[in-house]
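**Student:**
There are 2 protein chains.
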Amino acid sequence: MSTTADTQTATTLKKSAYHHGDLRAGLIEATRQLVEQNGPDGFSVSDACRLAGVSTAAPYKHFKNKGEMLVAVCVEGMGRLRANMQSAVADIPLGDPRRVTVIGGEYIKYALAEPACFKLKFGGFTDGMDDDALKAAGEAVFDTAKAEVAACIGESEITPIVQQKAFMLWSFVHGLSFILEDKDLAEMGPEIEIEPLLADITRRVLSD
Amino acid sequence: MSTTADTQTATTLKKSAYHHGDLRAGLIEATRQLVEQNGPDGFSVSDACRLAGVSTAAPYKHFKNKGEMLVAVCVEGMGRLRANMQSAVADIPLGDPRRVTVIGGEYIKYALAEPACFKLKFGGFTDGMDDDALKAAGEAVFDTAKAEVAACIGESEITPIVQQKAFMLWSFVHGLSFILEDKDLAEMGPEIEIEPLLADITRRVLSD
DNA sequence: TACATATGTTAGAGTTTCTTACTTTGACAA
DNA sequence: TTGTCAAAGTAAGAAACTCTAACATATGTA
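Laid out in structure tokens, this is it:
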């Protein structure tokens, strides 16, 4: 390595300790961790700043307020959920009802893996926030489900019947996710196994 | 009215302006209103005190902390929900699947009538709170549902099949409640009517 | 009447969100 | 090289919030 290169590298890596590099992303990750740790309501901007190593005023250069930080976490989460769904069905032929079951399973799996993010999006925290990116991310997930239902019942477009069946299945896995997430609630359905339950409800809803 | 009665009444009604009378109940109601107004996360003890007309320290004679105030609101809400269910099925013969449909309808109706209370109980706010009264109130609601399912499929006790079917129906109405409550989510199921949807899913789940 | 108890209040410590005014850094043009 | 500018940080502080401690007042009972 030449001396010049060394100098350049050192300069680049130093990051000057003043400018963070990508504080926005850093804060989103810090927020996600804290929310996942302390629950959706036990999050403070101050904590996120401590974790990211910046002053408590720094976030306000990147987000309008605390709520926008939480919304950003949700948007990222919905993106991950959709990606999970798509890779999970990749090996199953189109029109196979197992695709629907697997998609539902991914929904639940996500809810259990990132419970705080899930509650953040669907638990009423982001209700009045009206963020377009978040809305779009959510719709993309549901569109995926509708397409699978259509393929299963042999429809080439999203007819009212497809809408209705997809909506039923969504309601079911959505509710199931919330219930399984809450220890006290999950205890009320003791000897129940998720996979067979999912396959069962899928069959019932997709049938005529 | 006699003078004596007048004096007594006046004394009783005066409430001495120092002692509230029933501050615990007053604070629960104030909390409910505020939570319903500003969303589950937009509630402050201070606001409740202003609304009830007492100092910000007064609640701590009745509740351990903010969380306990919210839990108390949930417990009252679950009680109302159960009462609604019971009076709604009173005129339908036992074993009629319409009883199950109606119970589900009441669940959803409650969720839409007191959305913030509903989210408070089920949205993760009371997760780590572990309150026995709250847990019991929730179980009482589910027990009601299980009994109806058992009657419909001709079982005299809560068998695993009954458990499974009741759990399915609960998951469904639970998820549907959350979805309908959220304007952005409800838009995703546009031309869907709740009553027929409920009857449809009930039939599918109760069938063999 | 007098005391114990329940239920209030005031004052204040310690956090929290968010604003304002200032500083540092990096990039680019002259 | 140097001057300018926008972007991204800091420090300090206002306003609000939760909760505690110490004190005050009312109520019920012996």
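So the sequences go chain by chain: S and V.
Position 146, counted from 1, in the first sequence is what the working numbering calls 146; the numbers after and before it change by one each time, with no gaps.
Position 86, counted from 1, in the second sequence is what the working numbering calls 294; the numbers after and before it change by one each time, with no gaps.
Heads up, the beta-carbon is just placed ideally off N, CA and C, and yes, glycines get one too.
Since we're looking at a predicted model, the values are computed, not measured.
1. Does the beta carbon of Phe271(V) come closer than 9 angstroms to any beta carbon on chain S?
2. At a Cβ threshold of 9 angstroms, is Val413(V) touching chain S?
3. Is the CB-CB distance between Gln245(V) and Ile192(S) below 9 angstroms?
4. Please report the straight-line C-alpha distance between Ile369(V) and Glu195(S), rounded to a whole angstrom.
5. Spatial neighbours of Val173(S) within its chain, please: C-beta separation below 7 angstroms, excluding the five flanking residues on both sides.
6. Where does the unbroken alpha helix (DSSP H) through Val310(V) begin, and where does it stop?
7. Using alpha carbons as the reference points, say which of Val102(S), Lys146(S) and Ile179(S) lies closest to Met85(S).
8. Keeping to the same chain, check which residues put their C-beta closer than 7 angstroms to that of Val225(S); ignore five residues upstream and five downstream.
9. When the Cα of Gly468(V) is compared with those of Ala355(V), Phe386(V), Ala238(V) and Ile236(V), which residue comes out closest?
10. Excluding the 5 residues preceding and the 5 following Glu389(V) in the sequence, name in chain order all residues of the same chain whose CB lies nearer than 8 angstroms to its CB.
11. My guess is that Leu206(S) and Pro97(S) are in contact by the Cβ rule of under 8 angstroms, so how many angstroms apart are they, rounded?
12. Put Pro190(S) into one of helix, strand or coil per three-state DSSP.
13. Given a cut-off of 9 angstroms, decide if Asp47(S) and Ala30(S) are closer than it, judged by their beta-carbon atoms.
14. Would you list, in sequence order, the uninterrupted alpha helix (DSSP H) runs of no fewer than 4 residues that lie entirely inside the region 336 to 365 of chain V?
15. Would you tell me roughly how many angstroms separate the C-alpha atoms of Pro398(V) and Ala265(V), rounded to the nearest one?
16. Quick one: grab the DSSP three-state call for Ala256(V).
17. Name the residue from Lys121(S), Ala166(S), Thr202(S) and Gly175(S) whose alpha carbon lies nearest to the alpha carbon of Gly67(S).
18. Apply the 10 Å Cβ neighbour rule to Ser171(S) and answer buried if 16 or more other Cβ atoms are within range, or exposed otherwise.
19. From which residue to which residue does the alpha helix (DSSP H) around Asn84(S) run?
20. So, with DSSP's three-state summary, where would you put Leu393(V)?
21. Since I believe Arg240(V) is in contact with Val297(V) (beta carbons under 8 angstroms), could you give me their beta-carbon distance rounded to a whole number of angstroms?
22. Can you name the start and end residues of the alpha helix (DSSP H) that Val35(S) belongs to?
23. Should Lys269(V) be labelled buried (16 or more other beta-carbon atoms within 10 Å of its own) or exposed?
24. Would a check of beta-carbon distances place Lys109(S) closer than 9 angstroms to chain V?
25. Which same chain residues end up closer than 6 angstroms to Arg288(V) when comparing Cβ atoms and leaving out the 5 residues on each side of it in sequence?
26. Are the C-beta of Met396(V) and some C-beta of chain S separated by less than 9 angstroms?
27. Is it buried or exposed for Ala344(V), if we count other Cβ within 10 angstroms and need 16 for buried?
28. Closer than 9 angstroms, Cβ to any Cβ of chain S: which residues of the region 364 to 384 of chain V, in chain order?
29. Name the chain V residues that come within less than 8 angstroms of Ile192(S), Cβ to Cβ?
30. Can you tell me whether Thr202(S) is buried or exposed? The criterion is at least 16 other CB atoms within 10 Å of its CB, across all chains shown.
31. Rounded to whole angstroms, how far is the Cβ of Ala216(S) from the Cβ of Leu169(S), which I believe are closer than 8 angstroms?
32. Could you tell me which chain V residues have their CB closer than 9 angstroms to the CB of Gly123(S), listed as they occur along the chain?
33. Would Asp184(S) pass as an interface residue toward chain V - the criterion being a Cβ-Cβ separation below 9 angstroms?
34. How should Ser87(S) be labelled, buried or exposed, when 16 other C-beta atoms within 10 angstroms of its C-beta is the threshold for buried?
**Tutor:** Looking at the coordinates:
1. no
2. yes
3. At a Cβ-Cβ threshold of 9 angstroms, Gln245(V) and Ile192(S) do not count as neighbours.
4. 16 angstroms
5. Gly104, Tyr107 and Ile108
6. Pro305 to Ala321
7. Nearest C-alpha to Met85(S): Val102(S).
8. For chain S, the structure presents residues 1 to 208; residue 225(S) sits outside this window and is missing.
9. What the structure shows of chain V is the stretch from 209 to 416, and residue 468(V) is not part of that stretch, so it cannot be assessed.
10. Same-chain partners within the cutoff: Ala319, Leu320, Pro323, Phe326 and Lys327.
11. That pair is a contact at about 6 angstroms.
12. coil
13. yes
14. 340 to 360
15. 47 angstroms
16. helix
17. Lys121(S)
18. buried
19. Lys66 to Ala88
20. The answer is helix: DSSP assigns Leu393(V) an H, G or I state.
21. Contact doesn't hold; Cβ gap of about 26 angstroms is too wide.
22. Leu23 to Asn38
23. exposed
24. no
25. none
26. yes
27. exposed
28. Pro368, Gln371, Gln372, Ala374, Phe375, Met376, Trp378, Ser379, Phe380, Val381, His382, Gly383 and Leu384
29. Ordered by position in chain V, the residues that pass the 8 angstroms Cβ test against Ile192(S) are Gln371, Gln372 and Phe375.
30. buried
31. As shown, chain S starts at 1 and ends at 208. That puts residue 216(S) outside it, with no answer to give.
32. Pro248, Lys327, Phe330, Gly331, Gly332, Phe333 and Phe386
33. yes
34. Result: exposed.
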